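Chains as they are written, first to last, in this note's numbering: chain A, 225 to 804; chain B, 11 to 653.
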């Protein structure tokens, strides 16, 4: 696991090596300081070395202190560079990887989870690297050196550590172990509370319309109380940690003074030695505690690392085709499905589409109708290779789409998805997504074709109006029209509209359709629609039933022979016809 | 249709719009720290006894810590004294027992203090969250239009977390650090004031590091949090829109934009991190130098002034400990400031004015007595009446009919931009009124005025002849029901979701409502029938099934007035047919307002109101409007003849 992540640290390996080295220097300096001080007392003051010795040793101490300070500060600097750089590179790697995902990959992880992995999990690892570079070198170093000094000073008193260290580690680890599942529950309760709030916010109109504030408050109170209980449950155990550590450390200290004091009284140990020993001993115990905490932190980080690696190691399941740019067929907009079957998860589940074959000629206007869940969206998502077919083949302009470089394929296609997304930025910036080189005239023309120009100009800033947070300040119908304009600006050979006029009223929709006819003469247009009126004048209408194409033909042909189509038509038109 | 969902002008949430640091929590300076702190403390100071106990524990644990170190002095002095060995052992034992006692007191006080504060903080924050949620229920829709869900959610999560940590640890730690610091300084002075002069130099230098470095570090931290907010905002937006990014082969541009923000965050975070972590080696080594200097001077003093060895050891030990509280304080200040900023954001919502509700006409259940008059009752009768209290205190009961009239109504979400102008029409009890018009013409807005989701600026709306502003809001809303395009079901069983319409409905009434809405047959086929759990995203139900449940929910409420806002627009037509049967039965005998795209569904309305740009262009029944050959005629033929 570490091996796969450490590549992101490679750029900063100088920092990553220097930082621990500098910390070793710092720890050695810190270790030498008390030894020098002992010399001052023993030689300078007690031993008659006099002021010259004291001055010399004092100067050495000062120099060591500055060296130690410099080493410490530089270690911090290199650790900061290395850990933050690691985080930056890991984020870049993840973001890049996610850009390579097919829709299947996105669906597998879910967007919420991908976001958490790129944000929280990376931060966690970044902090762990920072900690490892500094404390994970420092604490064991201090522990070891102090332990060695203790042993040399007084081996018998060091035995106290043989009891204290295991007790310390055991109690720290056992509390943490007990607390971990409790925190897990706590986390679940947080999710529960968030879910309660979110549900309430999403449905605020329903809550108000049915006057259910009291009922909602009751539900929230339940989640809130559960959260409080779970939180306290975990915290009440965590707070035992600190007093417990205090008791163990202090008990060890008392033991040192008791046994050490008896040695002093017996004359086998000097008072100064006892004091020094006490200082080193507390350093040993404190470092042990730090090491234990670090190791716990590492185990927590390993869960995050696991989640990140899952993303990094996900094989991009859709690969570029090999055909060189020059050998690609001319972009005309011919689409052919040859015995296409599709399943979301290969090997399991039912076919969403089964043995679909049809051909769309350049410039055709094609409608796709059928009940919810018959795979209309899935079918159009196969054309730009958002998903790959399970069986069969799809050709665009006579070439298997798997042989196109993905970018070249998708550049031929303009797509308006069912779930419309706009991005933070001005309306113009959003439209430019369709074609970043578009001129002002082209932008306005596209907006006019999508019946969006008028409402855009109604905003005081026109095309420079900011769309806050993906367009919360425009209505659903306006959003759909902006998405259509964005797709039209691409001048694609194939334009796909996946139920993208549901929030647009029928007059505006008719206008949009008229402009398609006038402005997209050579473009193959595929429209998925709920309303027959949207596709009635199509050159060809495909009727989907369950997982297959029930029939295909013009409106008149289908009205004559296709019962499913007739049924859909009747259900929508009977009012009009009887009054017509 | 959610045509006006968020269209009410300027957004809230930190400076610079959506991705300001305020929206995501994070470090911000509180505007009025003192006032906010006092108000926040109110959440843990309600019960005085535990608070006093906690204070006592904090003081005791700090004092015992300082006192314990002082016991080193007699301990070491006794060892080098001229007593006999046996006496020395006895003295050693006695001192160690004292130490043990102090440790135990200190440890139990630490535990006691943490335990009490954890309880107080968790309870206090739970109360804070609860009050915030209750407040949210009182706020008008306009508030929800102006704030994103994410922004409001982070009040409950991030901000409440900051507050909790502050109440639980930071404040106590701050107080304890101050006591410890004062205690140590006092004991140093007591032990040897000349030596303290040496320490003072060291303390000054350490403080200098903390203050200067700390200030810079906080500034950097602030810009780090800001850069992080921008970076995370970008990640969230780009990942959520990933499918569009791919559809437009925009991957490289997205990576470039992300790369820029990532780089920016890196350079700030690197410096912030460096500054924060370099404080320790700086202060630590200053402390080392000071320690050495103290030791040397102390050593000299033992000769010159006969300073006792125990005193020197004790002093040196204090010298080591004295920088700890300074470090603590500097760390806790960040936490406390973040918490205060978070609390301020929470209080800001709590101080918002609630929905206006000055009505005193109430909805009551009535029974018709034999002589034809109405009398109020607590029984579950089917009849409802408005209870109007007269000036003399007597009450008049007026039966609820469902007569709704709008008279010259003007409305705007933001001042100066009228969404509705001079709207006048009426609906007699049992009539069906349909609204027709383009996207954004103001159809949904009109229906949102009947139950006072929004307040009108001009004109009047009456319900059974009573101005709706005189009716208590809850009762007004109980007398109307809505079926919206967005179905919004709740976590719970199918039965719970139907009962949402009227909480005291019996199971039989819910089933009857489901039958009325044509939902009964599909519910019976669900794995657990009426007890099937509806998950939050409703993944186990189709859109059509969810819509049927929403209709059943309105049916069980059994209101005299019903609003159907695009109740069938995103459903395929075969399902829609099924729903319409349910809808037709639901509409019987009620005043109904319908908004629909499909003109065929509004054809048989008593009155069709054609709205464009917030004004009524035409109204009349189907035949009248066709004869008029105006806008409705265009729309109608536009749909049937196409293009």
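Cβ coordinates follow ideal geometry from the N, Cα and C atoms, glycine included. Small disclaimer: the values here were computed from a predicted structure and weren't measured.
Using a Cβ cut-off of 9 Å (strictly closer), state whether residue i contacts chain A.
| i | result |
| --- | --- |
| residue 201 of chain B | no |
| residue 372 of chain B | no |
| residue 169 of chain B | no |
| residue 229 of chain B | no |
| residue 198 of chain B | no |
| residue 31 of chain B | Because the pLDDT at residue 31 of chain B is just 34, under 50, the model does not fix this residue reliably, and the value given afterwards should be weighed accordingly. Residue 31 of chain B does not count as touching chain A. |
| residue 11 of chain B | Confidence at residue 11 of chain B is low in this model, with a pLDDT of 34, below 50, so its placement is unreliable and no value can be given for it. |
| residue 603 of chain B | no |
| residue 530 of chain B | no |
| residue 318 of chain B | no |
| residue 225 of chain B | no |
| residue 121 of chain B | yes |
| residue 628 of chain B | no |
For my contact list, residue i and residue j are in at a C-beta cut-off of 8 Å; report their separation, rounded to the angstrom.
| i | j | result |
| --- | --- | --- |
| residue 261 of chain B | residue 323 of chain A | 4 Å |
| residue 247 of chain A | residue 358 of chain A | 6 Å |
| residue 4 of chain B | residue 349 of chain B | Chain B is shown from 11 up to 653; residue 4 of chain B falls before or after that span and cannot be answered. |
| residue 116 of chain B | residue 71 of chain B | 5 Å |
| residue 306 of chain A | residue 243 of chain A | 6 Å |
If we define contact as Cβ-Cβ less than 9 Å, is residue i a contact residue for chain B?
| i | result |
| --- | --- |
| residue 729 of chain A | yes |
| residue 408 of chain A | no |
| residue 343 of chain A | yes |
| residue 254 of chain A | yes |
| residue 488 of chain A | yes |
| residue 354 of chain A | yes |
| residue 767 of chain A | no |
| residue 608 of chain A | yes |
| residue 449 of chain A | yes |
| residue 780 of chain A | no |
| residue 327 of chain A | yes |
| residue 481 of chain A | yes |
Taking C-beta to C-beta, are residue i and residue j nearer than 9 Å?
| i | j | result |
| --- | --- | --- |
| residue 563 of chain A | residue 638 of chain A | no |
| residue 487 of chain B | residue 462 of chain B | yes |
| residue 305 of chain B | residue 252 of chain A | no |
| residue 284 of chain B | residue 300 of chain A | yes |
| residue 598 of chain A | residue 566 of chain A | no |
| residue 577 of chain B | residue 508 of chain B | no |
| residue 422 of chain B | residue 622 of chain B | no |
| residue 464 of chain B | residue 455 of chain B | yes |
| residue 407 of chain B | residue 493 of chain B | no |
What did DSSP end up calling residue i once you bin it into helix, strand or coil?
| i | result |
| --- | --- |
| residue 654 of chain B | Lying outside 11 to 653, the shown extent of chain B, residue 654 of chain B is not represented and no answer is given. |
| residue 657 of chain A | coil |
| residue 675 of chain A | coil |
| residue 429 of chain A | helix |
| residue 409 of chain B | strand |
| residue 507 of chain B | helix |
| residue 473 of chain B | strand |
> the stretch 629 to 651 of chain A: which residues have C-beta closer than 7 Å to a C-beta of chain B, in chain order?
Replying inline: 631, 634, 635, 639, 641, 645, 647 and 648
> Going along the chain, which residues of the stretch 286 to 300 of chain B sit with their C-beta nearer than 9 Å to a C-beta in chain E?
Replying inline: In the structure shown, chain E cannot be found, because the protein chains are A and B.
>> Any C-beta of chain A within less than 7 Å: which residues of the stretch 502 to 513 of chain B qualify?
In response: 510, 511 and 513
> Got a sec: which bits of the stretch 375 to 396 of chain A sit with their beta carbon under 7 Å from any beta carbon on chain B, in order along the chain?
Replying inline: none
>> What are the residues in the stretch 236 to 254 of chain B lying within 7 Å of chain A by C-beta distance?
In response: 242, 245, 246, 247, 249, 250, 251, 252, 253 and 254
>> Using a Cβ-Cβ cutoff of 9 Å, what residues of the stretch 259 to 277 of chain B are near chain A? List them in chain order.
In response: 259, 260, 261, 262, 263, 264, 265, 268, 269, 272, 273, 275, 276 and 277
>> So if I threshold CB-CB distances at 7 Å, which residues from the stretch 328 to 342 of chain B count as touching chain A?
In response: none
> Name the residues in the stretch 427 to 443 of chain A whose C-beta lies less than 9 Å from a C-beta of chain B; which are they?
Replying inline: 427, 428, 429, 430, 431, 432, 433, 434, 435, 436, 437, 438, 439, 440, 441 and 443
> Can you list, in chain order, the residues of the stretch 270 to 301 of chain A whose Cβ is nearer than 8 Å to any Cβ on chain B?
Replying inline: 278, 282, 285, 286, 289, 290, 292, 293, 295, 296, 297, 299, 300 and 301
> Between the stretch 368 to 395 of chain B and chain A, which residues of the former have a C-beta closer than 9 Å to a C-beta of the latter?
Replying inline: none
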